[in-house]
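Here the protein sequences line up with chains A and B, keeping their order. Okay, so the first sequence: first residue is 22 according to our numbering, each after it adds one. Okay, so the second sequence: first residue is 22 according to our numbering, each after it adds one. The next block holds one structure in the form of structure tokens; read it before the comments.
2 protein chains.
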Amino acid sequence: MSRLIYPEDLDDLAVGAAILGTGGGGDPFIGKLMAQIAMGATGPVRLITADELQDDDFVIPSAMMGAPTVMLEKIPQGEEAVAALRALENHLGRKATATSPIECGGINSMIPFIVAARTGLPVVDGDGMGRAFPELQMETFHVYGVQGWPAVVADEHGQHVIIESQDNYRLEWLARGVTIRMGGHATLLDYPMTGKQYKETAVRGTVSMGLAIGRAVREAHRQRIHPVDAVCRATNIFTGLGEDQGSRLRIEFQNENLVAIKESERGQDVLATVPDLICVLDSETGTAITTERLRYGQRARIIGIPTPDIMRTPEALKVWGPKAFGYEDVEFIPLERKFQDYYRQVGVPEGKRIT
Amino acid sequence: MSRLIYPEDLDDLAVGAAILGTGGGGDPFIGKLMAQIAMGATGPVRLITADELQDDDFVIPSAMMGAPTVMLEKIPQGEEAVAALRALENHLGRKATATSPIECGGINSMIPFIVAARTGLPVVDGDGMGRAFPELQMETFHVYGVQGWPAVVADEHGQHVIIESQDNYRLEWLARGVTIRMGGHATLLDYPMTGKQYKETAVRGTVSMGLAIGRAVREAHRQRIHPVDAVCRATNIFTGLGEDQGSRLRIEFQNENLVAIKESERGQDVLATVPDLICVLDSETGTAITTERLRYGQRARIIGIPTPDIMRTPEALKVWGPKAFGYEDVEFIPLERKFQDYYRQVGVPEGKRIT
Chain A
22 MSRLIYPEDL DDLAVGAAIL GTGGGGDPFI GKLMAQIAMG ATGPVRLITA DELQDDDFVI
82 PSAMMGAPTV MLEKIPQGEE AVAALRALEN HLGRKATATS PIECGGINSM IPFIVAARTG
142 LPVVDGDGMG RAFPELQMET FHVYGVQGWP AVVADEHGQH VIIESQDNYR LEWLARGVTI
202 RMGGHATLLD YPMTGKQYKE TAVRGTVSMG LAIGRAVREA HRQRIHPVDA VCRATNIFTG
262 LGEDQGSRLR IEFQNENLVA IKESERGQDV LATVPDLICV LDSETGTAIT TERLRYGQRA
322 RIIGIPTPDI MRTPEALKVW GPKAFGYEDV EFIPLERKFQ DYYRQVGVPE GKRIT
Chain B
22 MSRLIYPEDL DDLAVGAAIL GTGGGGDPFI GKLMAQIAMG ATGPVRLITA DELQDDDFVI
82 PSAMMGAPTV MLEKIPQGEE AVAALRALEN HLGRKATATS PIECGGINSM IPFIVAARTG
142 LPVVDGDGMG RAFPELQMET FHVYGVQGWP AVVADEHGQH VIIESQDNYR LEWLARGVTI
202 RMGGHATLLD YPMTGKQYKE TAVRGTVSMG LAIGRAVREA HRQRIHPVDA VCRATNIFTG
262 LGEDQGSRLR IEFQNENLVA IKESERGQDV LATVPDLICV LDSETGTAIT TERLRYGQRA
322 RIIGIPTPDI MRTPEALKVW GPKAFGYEDV EFIPLERKFQ DYYRQVGVPE GKRIT
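Structure representation (structure tokens):
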């Protein structure tokens, strides 16, 4: 059922999307400000469910590509995404009827709200990752047969590039090259698709999930629960990873956290791997600590969130399983199954839930 | 007046265009084969003069970008340029009525003949350089106000990228980046323009010049003249640079030969500089030796060809005078003026003409 998203809701979404970013995806802060400014001028944005799409609707997702930290100094001018949308519509001879995130984690949770506010389009509640990932082919859209092109990459000087590729991996390669030439950060529209395609391939409800996580963190104090516990309740699929004393949890990451390995006297045990979400949260506030902001001495709690089944099929794991990131010897074991085995061995700590 | 160009004419054009490439521009060989194959299937191509263009004609020049030597291993599949033309026509909503070289020196002399053979379009006898240059803004089209975009960069996999820029220098930067991502070599269409713009900004007659130089070299033996002298007669604007004994001529190049400096006991004397053409010819055959094929021990004769006035205005020299290539202390002195002074000092050798 559709609902209206107001500028202040984006404060919650920013907190939730940062957690879903699993260490990557970029701080949503500047994106949130841009979306709030756009919505402040035009009013709330309608968030619709995938079910509300007609088969012949036309969804043009909107995002940013490149290094989010570059954006802190090379600030977007605000019109890029809409200009890129118009360029893609003209190129295709077809108008978008909705936009959507391609990536619900990190700053890319925000860009569709900028586009929606400025165009009146609704945002579809879903994305192609259910988290953050570093490359364009790492999308359920790609895994289940949607072509990523034509795509548009646009910069703050009013330049844009339309890419017609033949392959989503080549699209990633070309769009990345253009983004680098544009200074390391750019606006990106890709995977234009019908409503039918979206319904068949998207990870659903991930914007709502981000909003719910953020709200839970905000309301935790009033409810007298710990914010990290509030995150766990909100996701309803939580498994704690990092609370044992006397052992060490090593997290390896590329852009996002990829594997969490428990190191103890008994040896090494891979507790969680990509595509399940490995999130590093501030112990006090429950908010995400992104990889570039990790510092020695920080107090953190680590949680794992099982990713939806659509992200775990054999064809999906080929694109983003541990092997896709170079972990040749690591098999993906669903987090909840791993933890059933794990707790069977070590005993379930008090207060720990397993779903 | 328009004339028909037959496949065998391209043998002459290849020889002439290599000389006009002034050391760069790439060996026309593969481009010639591609054009001859295309023309063999469809017949001769019409070469028209700029005067024959109507003001509302629409010229889409065609070319290649990147490293010509890459092309020796990464061979085009032959359809790129026409696919790129159609993409640009669709993007602009306007059909081309002619194509043209943007660069008459080197392999880019040939690409328009591939497009023309496959589409039936005429080739306009002119270009934007009267020679070869390494960057997209180094065009009379740019100097005299034509915008280079929208441009299309296409590869042999059927991919293409449409670039909408805001500045011809940025266009160069983006198109170069895309070309690199496409493997270092790609097909390029840029500077789409009206017949009126072409007539106002192009260097005229440069395809004919290439054809004439090549024919002169071919016929030199029958006419019992030296092929290098034949080149000089064909250009009618020749100044010899490198025939003195007991001194050394140093040629500095980037992609193309940029400055020719006479080194002797009396010191250094800059004899010729970009944008005038500095051509290294094989002493025996009169054909061009490109910079990447220069080898120790080769016998060469060096000639200078003054470039047309449209290439020598103050605004043009800002883009491609010696300073644009980093020679801060070198002023452009027109070749023919320099040689008047030079021969006044050293005496005109027998048989030497100055125009």
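Here a beta-carbon is modelled for each residue, glycine too, at the ideal position from N, C-alpha and C.
Euclidean distance between Cα positions of residue i and residue j
i      : j      : result
A:G205 : A:A105 : 17 Å
A:G307 : A:I234 : 10 Å
A:G198 : B:A237 : 45 Å
B:T118 : A:D146 : 48 Å
A:V351 : A:F154 : 18 Å
A:D33  : A:A138 : 18 Å
B:A172 : A:Q289 : 55 Å
A:R254 : A:I324 : 12 Å
A:L298 : B:E177 : 39 Å
B:D30  : B:R191 : 37 Å
B:I123 : B:K359 : 29 Å
A:E313 : A:S229 : 26 Å
B:N276 : B:K116 : 34 Å
B:I246 : A:D188 : 56 Å
B:T311 : B:Q168 : 30 Å
B:E193 : B:V340 : 13 Å
A:I201 : B:E110 : 28 Å
A:G114 : B:E156 : 33 Å
A:A35  : B:V91  : 47 Å
A:L338 : A:V224 : 15 Å
A:M55  : A:G231 : 18 Å
B:R271 : B:A345 : 20 Å
7 Å CB neighbourhood of residue i in its chain, flanking five on each side removed
i      : result
B:P28  : Q57, M60, G61
A:A175 : E101, A104, A105, H181, A207, T208
A:G52  : I128, M131, I132
A:V136 : S83, A102, V103, L106, T120, L142
A:M22  : T70
Close beta carbons around residue i, own chain, < 6 Å, minus the five adjacent residues each side
i      : result
A:E371 : Summary for A:E371: the model assigns pLDDT 48, below 50, so the residue's position carries little reliability; its value from the coordinates is reported in the next sentence. For A:E371, where only same-chain residues beyond five positions count, there are no Cβ hits under 6 Å.
B:A241 : P248, A251
A:P89  : G47, I128
A:M332 : G151, P296
A:R374 : Note that A:R374 scores a pLDDT of 49, beneath 50, so its modelled location is shaky; the value from the coordinates is reported in the next line. Hits under 6 Å: none found.
B:I40  : I234, C300, A309
B:F162 : G149, Y212, T222
A:M203 : D176
A:Y165 : T222
A:T227 : C125, G147, D148, G151
Given residue i as reference, the closest of the options once Cα atoms are compared
i      : options                : result
A:F134 : A:K359, A:T63, A:V167  : A:T63
B:E160 : B:G126, B:E185, B:E100 : B:G126
B:T256 : B:Q289, B:L54, B:P329  : B:P329
A:K217 : A:Q75, A:D362, A:L68   : A:Q75
A:P327 : A:R202, A:L356, A:N111 : A:L356
B:T215 : B:F79, B:E273, B:G226  : B:F79
B:M85  : B:E349, B:S304, B:A196 : B:A196
Cβ neighbour criterion (16 or more within 10 Å) applied to residue i
i      : result
B:G141 : exposed
B:I96  : exposed
A:G347 : exposed
B:L210 : buried
A:T222 : buried
B:G37  : buried
A:A213 : Here residue 213 of chain A is Pro; the residue named in the question, Ala, does not match the sequence. It is buried - the Cβ of A:P213 has at least 16 other Cβ atoms within 10 Å.
A:S268 : exposed
B:T376 : At B:T376, the pLDDT of 39 sits below 50, so the modelled position is not reliable and the matter cannot be decided from this model.
B:G87  : buried
B:K220 : buried
B:E185 : buried
A:R322 : buried
B:E349 : exposed
Proximal residues to residue i (C-beta, below 8 Å), its chain only, five neighbours per side dropped
i      : result
A:L25  : P65, V66, R67, L68
B:P343 : L279, V280, T294, V295, V351, E352, F353
Positions along the segment 180–191 of chain B whose CB lies within less than 7 Å of some CB in chain A: Answer set for the segment 180–191 of chain B: Q180, H181, V182, I183, I184, E185, S186, Q187, R191.
Contact residues within the segment 200–223 of chain B, judged by C-beta distance below 9 Å to chain A: I201, R202, M203
Against chain A: residues of the segment 108–125 of chain B by CB proximity under 8 Å: A108, H112
Residues of the segment 149–182 of chain A whose Cβ lies closer than 8 Å to any Cβ of chain B, in chain order: Listed in chain order, the positions of the segment 149–182 of chain A with a beta carbon within less than 8 Å of a beta carbon of chain B are H178, G179, Q180, H181, V182.
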